[in-house]
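Undergrad: Just passing along the structure, written as structure tokens.
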Amino acid sequence: MKFLFIALGVSVFGQLFAAEVQRPNVVFILADDFGCRDLSGEGSSFYETPNLDRIAREGVKFSNGYATCQVCSPSRASIMTGKYPARLHMTDYIGAASGLDWKRNGRILPAEYLHNLPHSETTLAEALKEGGYRTFFAGKWHLGGEGSHPDNHGFDVNIGGHFRGSPPGGFFAPFKNPEMKDGQAGESLPIRLAQETVDFIAAESTQPFFAYLSFYSVHSPIQTTRELWSKYRDKAVAFDTPQERFVVDRTLPVRQVQDCPIYAGMVESMDNGVGMVLETLDRLKLAENTIVIFTSDNGGVSSGDAFATSNLPFRGGKGRQWEGGVREPYYIKAPGIKPGVNETPVTGTDFYPTILELAGLPAKPDQHVDGVSLVPLLKGESIKDRSLFWHYPHYGNQGGEPSAFVRNGDWKLIHYWEDGHDELYNIVADIGEQNDLAAVNPQITAKLRAELDDWLLATKAAIPELDARFDQKLHDETQAAIRNKRKPALERQHAEFLSEKFRPNADWWGSLQTND
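Numbering (this note's numbering), first residue to last: 404 to 919.
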């Protein structure tokens with residue numbers, strides 16, 4: 404009986420202690436296909452992002468922040484699990500063809516990969532739920548189909564998350580999303596997702612919550628209202644009109660200028676949604692006890708898809724192996740943290756252990772094996788030097804080449820799976836990755852290549868094989884058509900976006916805007 408009394412006493416004490424300890428709330432905001440240079444606070448003179456800039460200003464901005472892959476699903480899986488895509492065997496966006504199903508003319512067969520986030524992984528949502536958090540998801544999931552949606556991986560609420568990577572009905576209602584009720588015709592998707600998040604925060608404000616706002620913005624199709632198009636069209640034509648917006652970089656044209664008014668309108672709409680969430684935290688007096696994180700899943704789309712933005716001075720963009728494909732806005736605002744800028748290279752696997760430590764929850768080192776907690780950096784301290792790794796044994800729809808690469812300090816080595824050659828860049832002195840130094844620095848090249856090979860072996864990474872179906876003549880003809888036909892067509896199309904007579908259709912994508 405005495406033992407029972409003591410046990411009950413300990414149990415009650417634990418409950419009282421837990422009630423007294425106010426764990427911080429967590430709001431994780433993830434953009435889709437949003438480049439590191441797509442913010443006014445990161446140097447863009449065209450896009451306007453006051454609310455996202457506020458997160459950076461009030462938190463720690465990591466100037467060397469990375470996604471773990473140049474396309475979406477692998478990066479998203481890393482955030483959820485704390486593991487590199489190579490280790491998870493989720494190395495391409497879900498739905499991409501692989502193996503012999505690959506019908507395009509390439510030198511290799513893209514490696515096979517998992518199409519659903521494994522249930523054997525303890526997701527970040529599940530870890531926080533174990534710690535007493537209510538968990539909420541809104542927006543793009545793209546980590547599996549039926550049975551592998553957000554509510555199958557630790558989220559109490561799922562609004563809009565399913566197998567699709569782009570919004571089924573576009574960015575204005577009707578959304579045609581099986582996991583979200585349609586609103587009034589013409590309703591804005593980013594504003595709707597923000598409102599769902601706001602409603603959840605208001606309803607759960609008396610207990611710790613984890614709200615994961617995963618915008619479909621600014622993925623294609625690029626769509627905006629006539630009002631926002633007009634605003635940014637006027638802004639763009641006030642700049643010097645470029646003679647050419649695109650250059651062909653190896654495989655496809657790549658945008659060099661930020662002046663697409665449709666895309667800029669999408670950026671503003673997403674930023675307005677972020678503002679709604681921040682204002683709600685302020686209004687409910689939750690801001691002082693809420694962790695707010697913002698990042699993106701891969702670089703801005705400068706090539707392929709909508710060819711909508713430029714990532715300069717970074718080379719390339721989404722789907723590509725250069726910095727433009729993986730360098731991201733990476734902001735963490737947390738209670739008691741002194742705002743500032745940190746130059747330490749960090750990546751998507753680091754969010755998991757960082758959030759657990761900030762929340763006062765035990766680490767799960769067997770789960771987030773590839774991530775490290777950034778709390779020391781948030782406190783102005785340091786972490787152990789390390790290399791960061793990427794593995795993409797696929798062809799990007801945006802012209803990316805199958806590759807694996809490693810960053811160590813100032814150096815970045817890229818290994819190409821098609822022919823086995825390596826490139827070496829000093830990405831501090833040469834941020835645009837224009838000067839391949841592999842031949843003049845053979846020792847550094849060999850060292851980083853050995854480190855990359857060891858990592859690929861340790862993670863049991865899937866290595867692509869050569870494709871015997873490759874046709875060199877067809878390849879050459881395709882590249883000639885890209886230079887001689889596709890690039891000129893893109894130049895005409897993107898110039899037309901700034902024409903006073905531009906009309907995408909009769910109702911501006913159903914956005915409740917009308918033509919004169």
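Ideal placement from N, C-alpha and C gives every residue a C-beta, glycine not left out.
Computed from a predicted model, the values in this text were never measured in an experiment.
(1) What does V463 pair with, by DSSP beta-bridge criteria?
(2) From D769, V621, D910, pick the residue whose C-alpha is nearest to that of L442; which is it?
(3) Spatial neighbours of Y733 within its chain, please: C-beta separation below 7 Å, excluding the five flanking residues on both sides.
(4) Measuring CA to CA, which of K850, G589, F603, P571 is closest to P624?
(5) Any idea what DSSP makes of V415, helix, strand or coil?
(6) Leaving out the 5 sequence neighbours to the left and right, which residues in its chain are closer than 6 Å to G835 when beta-carbon positions are compared?
(7) Exposed or buried, which one is T644 when buried takes at least 16 other CB atoms within 10 Å?
(8) Check H771 in the structure and name its three-state DSSP category.
(9) Are at least three pairs of beta-carbons, each pair with one atom in the stretch 445-452 and one in the stretch 665-674, less than 8 Å apart?
(10) With DSSP as the reference, identify every bridge partner of G542, one or two as the case may be.
(11) Return the residue from the list A865, A576, R460, Q646 that minimises the CA-CA distance to R895.
(12) Pull up the DSSP beta-bridge partners for E694, would you.
(13) Out of curiosity, what's the CA-to-CA distance linking A711 and I817?
(14) Cα-Cα, which of G799, Q846, Y635 is closest to W505?
(15) On the criterion of 16 or more Cβ atoms from any shown chain inside 10 Å, does V415 qualify as buried, or is it exposed?
(16) Quick one: using the 10 Å Cβ neighbour count with 16 as the cut-off for buried, is F808 buried or exposed?
(17) Alpha carbons only, please: which of D874, W820, E903, E826 is nearest the one belonging to A865?
(18) Would a C-beta distance cut-off of 9 Å place L520 and H492 closer than the cut-off?
(19) Taking only the alpha-carbon atoms, compute the straight-line gap between R490 and V670 and give it to the nearest angstrom.
(20) Would you call Q418 buried or exposed, if buried means 16 or more other Cβ atoms sit within 10 Å of its Cβ?
(21) So what does R537 bridge to, in DSSP terms?
(22) Indicate whether L915 and T627 have their beta-carbon atoms separated by less than 9 Å.
(23) Using the rule of at least 16 other Cβ atoms within 10 Å of the residue's Cβ for burial, across every protein chain shown, is V601 buried or exposed?
(24) So the beta strand (DSSP E) F792 belongs to, where does it begin and stop?
(25) Tell me H897's beta-bridge partners as DSSP assigns them.
(26) Using DSSP with H/G/I as helix, E/B as strand and the rest coil, what is A807?
TA: Let me spell this out:
(1) I735, G743
(2) V621
(3) F465, G468, T698, V749
(4) P571
(5) Only weak support exists for where V415 lies, its pLDDT of 38 falling under 50; the value from the coordinates is given anyway. Reduced to three states, the DSSP call for V415 is helix.
(6) P716, R718
(7) exposed
(8) coil
(9) yes
(10) S617
(11) Q646
(12) In the sequence on display, residue 694 carries Ile and not Glu. V429, per the DSSP bridge assignment.
(13) 26 Å
(14) G799
(15) Its pLDDT being 38, under 50, V415 is placed unreliably by the model, and nothing is read from it.
(16) buried
(17) W820
(18) no
(19) 33 Å
(20) The predicted model places Q418 with a pLDDT of 40, which falls under 50 and marks its position as unreliable, so this point remains unresolved.
(21) F612
(22) no
(23) buried
(24) 791-795
(25) In DSSP, H897 forms no bridge with anything.
(26) strand
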